[in-house]
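Just below is one structure, and these are the notes that go with it.
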Amino acid sequence: MVRAWADSLIKAFYIAKKDAKVYYFKAPNFTYGLLIPVSLYLAFSMAGEISSKLIVAGLTSLVMLFGTTSIEAVAVVLEKQTGTFDRLLAAPISLFTIVLGKALAGFFFGLILAAVVLFPLAAVSGTIVMNPLLAVIAIAFSSMAFSALGIVASAYAKWVPEAQMLSNFLRFPMVFLSGTFTALEALPSQLQVVARFLPLTYSVEALRSSIAEPAVTYTYILDIVALTLFAIVLLALSTKILEKRIA
Amino acid sequence: MEIAIAVYDLTKQYGKILAVDNISFTVNQGEVFGFLGPNGAGKTTTIRMLTGLTRPTSGRVTVAEYDVVRESIKAKERVGVVPEVSNVYDEMSAWDNLVFAAQLYRVAKNEREERAKELLELFGLYERRADRAGNFSKGMKRRLTIAAALIHKPGILFLDEPTSGLDVQSSRMIRNLTKDLNKNGVTVFLTTHYIEEADQLCQRVAMINQGKIVAVDNPEKLKASVEKHQIIEVSFDQPQNLERKLADLNYPNEVTQVGDKFRLHVRNTSEAVPLIIDFARENGLKIVSINTLNPSLEDAFVEMTGLSPEVMATEKEQGKKVASLG
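Chains A and B, in that order, give the protein sequences.
Per this note's numbering, residue -6 is the first one in the first sequence, and the count goes up by one each step.
Per this note's numbering, residue 14 is the first one in the second sequence, and the count goes up by one each step.
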């Protein structure tokens, strides 16, 4: 049993490595992952002054969300279109392992994008991250949850434009409903309830917590648990959707 | 004889379309088994179910004694799959494509590189190993796809239309390779609509039409089953306006003119030949040549599927345009 799991993880890692080589680490993907979040930040900042802590947490989360979902939304559907997905399906790998491998590639991509944004932004704005370890953990769990979200869109879509449209449909409302550059409490009470169903809310909250608090807080733990649940549920959902799509 | 692939009451339905209709057959270990049918007959759907790429609506498949649905990982470990359309990663080099394929099958690192080198050399791609597969010709991509399917030394190889659309050299290489693999004990399941290809390579063939299997047997036995219609091909020194006169002979079932020759479909050649000689004498004609033609596998296919010769001719012409069966 343990050996089978280890074997699956290794295969998932190979798929992630291949995806990184084929799809991810190319200049346009980095640009797209950074460009839209920075533009959104500028749009928000024009509406009023935003504290540097909110900027650092919000922008880091947004960069991960856009970076991972943009490319992840394409990674599966493009392989389905070109027929290379059949190569993965014909190999002795479970569908969940394939999905996990795809998500891992997005996960690593998200980590790199977060590092590219977080450290320079914190230095420039003079923001001190009170607990860097908690920030790294929050980034890791956020990246996995966002990556899984991108795969849901990709698994469902038949064509690349459909995947991109679905991905936009999921992430743009999130930017406004998750209290990215505002305090969540500033949102109307109904929207605060909606925000609790969005992974971006927990990512921003966990990052804010690790920037502001030196120790683990109860909220931070809940945020990480929520991000973990999002990742698991979304990965399972992607597997189910793909199972139906290829039946 | 051990069974490599067993198919029981296999059915695949897409909405209202019945793509594969309750088919059953077995493939013996170590044989080249051909799966023949016109385009859209259900060949690719069947091969997808046999390789675990598509779930059957009903029925069961075992490959190397493992159920393809319930024990899919174990079944997939034992097979190599070459789909109808080459599916290598265009963005990766030939070498990386093979190494990645080996990684998916957990081939050990040192063996992985040895095997990749061996296969690239075998397929004449070693000099181009560092080039992106996207820059390869169709034939080279096909060879690379087959190499990737062989990286883990599978005991069973599924080839879906392996030579379709390829140049003569690549087609010949793939056919020779199929023979060599089979000599080394690999069971080959081959789908094709090139009937001559199946005749050359396969020890047994199944014929499928409109999702149903119409015959499973050795090519020679299938040909023999249509020998009730033998063909005599005859040419005369003056071939003008003879088709009708020949048709007026009581004996032939059918007469067709092919170039300067006439094909007479008869039930018994030994009885028909004297009649043709008499016909020539009575009409003051000289026989330039006279031959008996044995029924081909294509004749058997036409007979068994009920497809008109024109449909088969169209299939064949499409094939001839893209590959010569040397």
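Built from N, CA and C at the ideal position, the CB exists for glycine as well.
Any C-beta of chain A under 8 Å from that of residue i
| i | result |
| --- | --- |
| T24(B) | no |
| K333(B) | Confidence in K333(B) is poor, its pLDDT being 43 and thus under 50, which makes the residue's placement unreliable; the coordinate value appears in the next sentence. Not an interface residue. |
| F113(B) | yes |
| K274(B) | no |
| I30(B) | no |
| N100(B) | yes |
| R142(B) | no |
| S337(B) | Because S337(B) sits at a pLDDT of 38, beneath the cut-off of 50, its placement in the model cannot be relied upon, and the following sentence gives the value as read from the coordinates. It does not: the Cβ of S337(B) has no partner Cβ on chain A nearer than 8 Å. |
| R119(B) | yes |
| K151(B) | no |
| E127(B) | no |
| R68(B) | yes |
| A326(B) | In this predicted model, A326(B) has a pLDDT of only 48, less than 50, meaning its place in the structure is not dependable; the value taken from the coordinates is given anyway. A326(B) does not count as touching chain A. |
| M105(B) | yes |
| T282(B) | no |
| I86(B) | yes |
| P96(B) | yes |
| K329(B) | Residue placement at K329(B) is flagged as unreliable, the pLDDT there being 46, under the threshold of 50; a coordinate-derived value is accordingly withheld. |
| A211(B) | no |
| E174(B) | no |
| E90(B) | yes |
| Q116(B) | yes |
Integer-rounded CB distance, given that residue j should sit under 8 Å from residue i
| i | j | result |
| --- | --- | --- |
| G60(A) | F102(A) | 6 Å |
| T200(B) | G168(B) | 6 Å |
| R145(B) | S106(B) | 6 Å |
| A5(A) | T90(A) | 5 Å |
| N110(B) | V120(B) | Wrong, their Cβ atoms sit about 14 Å apart, outside the cutoff. |
| R68(B) | V82(B) | 6 Å |
| L63(B) | V74(B) | 5 Å |
Identity of the residues DSSP links to residue i by a beta bridge
| i | result |
| --- | --- |
| G137(B) | None; G137(B) has no bridge partner. |
| K225(B) | N222(B) |
| L203(B) | G47(B), L172(B) |
| S231(A) | None; S231(A) has no bridge partner. |
| I244(B) | H278(B), L306(B) |
| E267(B) | H278(B) |
| R392(B) | Shown here, chain B extends from 14 to 339; a query on residue 392(B) therefore has no answer. |
| F249(B) | I300(B) |
| D79(A) | According to DSSP, D79(A) bridges with nothing at all. |
| T75(B) | A19(B), D80(B) |
| V92(B) | I169(B) |
| R257(B) | Per DSSP, none; premise fails for R257(B). |
| R217(B) | F46(B) |
Min CB distance residue i to chain B below 8 Å
| i | result |
| --- | --- |
| T232(A) | no |
| S87(A) | yes |
| Y7(A) | yes |
| A98(A) | no |
| I64(A) | no |
| V15(A) | yes |
| L71(A) | no |
| L82(A) | yes |
| D12(A) | no |
| K151(A) | no |
| K241(A) | Not covered by the structure: residue 241(A). The range shown for chain A is -6 to 240. |
| K4(A) | yes |
| G76(A) | yes |
| D216(A) | no |
| A240(A) | yes |
Terminal residues of the beta strand (DSSP E) in which residue i lies
| i | result |
| --- | --- |
| R171(B) | Sequence check: residue 171(B) is Phe here, not Arg. Start and end: 169 to 173. |
| Y21(B) | 16 to 27 |
| N41(B) | 30 to 41 |
| E84(B) | No beta strand (DSSP E) contains E84(B), which DSSP labels as neither H nor E. |
Residue range of the unbroken alpha helix (DSSP H) whose run includes residue i
| i | result |
| --- | --- |
| A68(A) | 45 to 75 |
| I132(A) | 125 to 149 |
| K299(B) | From DSSP, K299(B) is part of no alpha helix (DSSP H); its letter is neither H nor E. |
| A143(B) | No alpha helix (DSSP H) holds A143(B); DSSP gives it neither H nor E. |
| V264(A) | The structure shown does not extend to residue 264(A), since chain A spans only -6 to 240, so no value can be given for it. |
| D109(B) | 107 to 117 |
| T175(A) | Taken as a continuous stretch (DSSP letters only), T175(A) belongs to no alpha helix (DSSP H), as it is neither H nor E. |
(Q) For the structure I just gave you, are there three or more beta carbon pairs, one from the stretch 118 to 126 of chain A and one from the stretch 126 to 144 of chain B, closer than 8 Å? (A) no
Q | Meets three-Cβ-pair contact criterion under 8 Å: the stretch 178 to 194 of chain B and the stretch 15 to 23 of chain B | A | no
Q) Pairing CB atoms from the stretch 165 to 185 of chain A with CB atoms from the stretch 88 to 99 of chain A, are three or more of them under 8 Å? A) no
Q) Between the stretch 311 to 321 of chain B and the stretch 219 to 234 of chain B, are three or more C-beta pairs nearer than 8 Å? A) Counting C-beta pairs closer than 8 Å gives three or more between the stretch 311 to 321 of chain B and the stretch 219 to 234 of chain B, which meets the contact rule.
(Q) Whether or not the stretch 210 to 226 of chain A and the stretch 134 to 151 of chain B are in contact is what I'm after, with contact meaning three or more pairs of Cβ atoms, one per stretch, closer than 8 Å; do they touch? (A) No, the stretch 134 to 151 of chain B does not touch the stretch 210 to 226 of chain A.
Q: Could you say if the stretch 29 to 41 of chain B and the stretch 78 to 96 of chain B meet the contact criterion of at least three C-beta pairs nearer than 8 Å?
A: No, the stretch 29 to 41 of chain B does not touch the stretch 78 to 96 of chain B.
Q. Pairing CB atoms from the stretch 156 to 173 of chain A with CB atoms from the stretch 182 to 195 of chain A, are three or more of them under 8 Å?
A. yes
Q. Contact between the stretch 105 to 121 of chain B and the stretch 3 to 12 of chain A: three or more CB pairs below 8 Å?
A. yes
Q. Pairing CB atoms from the stretch 109 to 118 of chain A with CB atoms from the stretch 152 to 160 of chain A, are three or more of them under 8 Å?
A. Contact between the stretch 109 to 118 of chain A and the stretch 152 to 160 of chain A is absent: fewer than three C-beta pairs spanning the two stretches fall below 8 Å.
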